[in-house]
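Presented below is the structure to which this report refers.
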Ligand code: TXA
Ligand code: MG
């Protein structure tokens, strides 16, 4: 079995695997990542192949701190402001590649920008320090599937393809990082997350755009494809579930009728719902005895925007 619990020996071993070009799955505060040395073309190629991910879709590069980020990207004042408030944490910056940057071109899909993130999870941080490398890490699921928020989910996705899955327990954020493009004249929110548009606007003191505002440009390739797809059909905003459906509910007032109910947050807390979203979808999907997963309406404000974003992608198969 390749799932190992975290201690100083397993972290050292994982760092050694990364340094020799191998892959390691590890926990972050958002979801589990499938990590490889971001400066090693072969390691990066192995990530794409393990996930079955199209090579036009760039990977996020994880670093320990701002100084390390500055070795690879052209840092700027917006990044500085956001990092002061939100890093380490669930926020990814898209910034111009620094000339001479050692990050594999494959990791950034040949583009002139790099997605960079300083994770907060202690295991991710220890691994970065021990390996002393920038770690390219997409979510540790097969391409197009629901992101893993537990070591066991990674095993369900990738099995023994990865030599080691570091088990750091459940991920407390539960949905992937907010992705913000700081590389151009206009700041664009590419992927909503637990750090919301409002928080970013407040921090920067300006209005920012979302992908809906900037039409015509393929800004973030990975965001356009259908994603997060369970094998069962997903129906959104359902107030009357059918008797053969599993019902993903939210809040205290759950309509009756479904064969099975899984409540993301009985107290209607969006943060709690985000943390349970992917494990909830996975749990219902694994049972395979329902005709569909019906989802109760979830408020489309704050963190609810990120939750609904992931649910809409799950619906589109
Ligand atoms: O929370 C997270 O971000 C997790 C953990 C493991 O850190 N990682 C993650 O990676 O979600 P991934 O590969 O599943 O999603 C990365 C997203 C993709 O939609 C990709 O297209 C976008 O970030 N992205 C990465 N680099 C980019 C770049 N240079 N320009 C535009 N979009 C980029
Ligand atoms: Mg992903």
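Numbering (our numbering), first residue to last: 7 to 323.
All residues carry an ideal CB built from backbone N, CA and C; glycine is no exception.
Values in this document were obtained by computation on a predicted structure and should not be read as measured data.
Short of 8 angstroms from the beta carbon of residue 45, and not among the five residues preceding or following it, lie these beta carbons of its own chain, in chain order: 108, 109, 110, 139, 140. For residue 314, the enclosing alpha helix (DSSP H) stretches over residues 309 to 321. Three or more Cβ pairs closer than 8 angstroms define a contact, and the segment 40 to 57 falls short of that threshold against the segment 90 to 100. Collapsing the DSSP output to three states places residue 293 in a helix. Your pair residue 78 and residue 122 checks out as a contact, with CB atoms roughly 7 angstroms apart and the cut at 8 angstroms. The three-state secondary structure of residue 234, taken from DSSP, is coil.
For residue 280, the CB contacts under 8 angstroms within the same chain, skipping 5 residues up- and downstream, are 179, 180, 181, 200, 309, 312, 313 in chain order. For residue 98, DSSP records a beta bridge to 123, 185. Within the segment 137 to 169, the runs of alpha helix (DSSP H) that reach at least 4 residues and sit entirely inside it are, in chain order, 157 to 164. Bounds of the alpha helix (DSSP H) holding residue 73 are 72 to 75.
Only exposed fits residue 245, as fewer than 16 other CB atoms lie within 10 angstroms of its CB.
The Cβ neighbour count for residue 132, taken over all protein chains shown within 10 Å, is at least 16; the residue is labelled buried. Around the beta-carbon of residue 7, fewer than 16 other beta-carbon atoms lie within 10 Å, marking it exposed. Counting only the Cα atoms, residue 93 lies some 18 angstroms from residue 39. In the structure shown, residue 176 adopts coil according to DSSP, grouped into three states.
At least one heavy atom of ligand 1 lies closer than 6 angstroms to the C-beta of residue 65. With a threshold of 6 angstroms, the Cβ atom of residue 96 does not count as near ligand 2, since no heavy atom of the ligand is closer than that.
Shown here for residue 278: same chain residues with a beta carbon closer than 8 angstroms to its own, the five before and five after excluded, namely 270, 271 in chain order. Measuring C-alpha to C-alpha distances from residue 142 to each of 13, 68, 36, 253 identifies 68 as the nearest. Nearest C-alpha to residue 71 among 11, 296, 127: 127. A direct Cα-Cα distance of roughly 12 angstroms separates residue 88 from residue 185.
DSSP, reduced to helix, strand and coil, places residue 268 within a strand of the structure shown. Distance between residue 28 and residue 145, taken at the CA atoms: about 16 angstroms.
For residue 67, the enclosing beta strand (DSSP E) has its first and last residue at 66 to 68. Put simply, the backbone Cα of residue 80 is about 5 angstroms away from that of residue 104. In this structure, residue 152 places its C-beta atom within 7 angstroms of the C-beta atom of residue 284. For residue 171, DSSP records a beta bridge to 9, 31.
Closest by C-alpha distance to residue 258, out of 13, 59, 9, 273, is 273.
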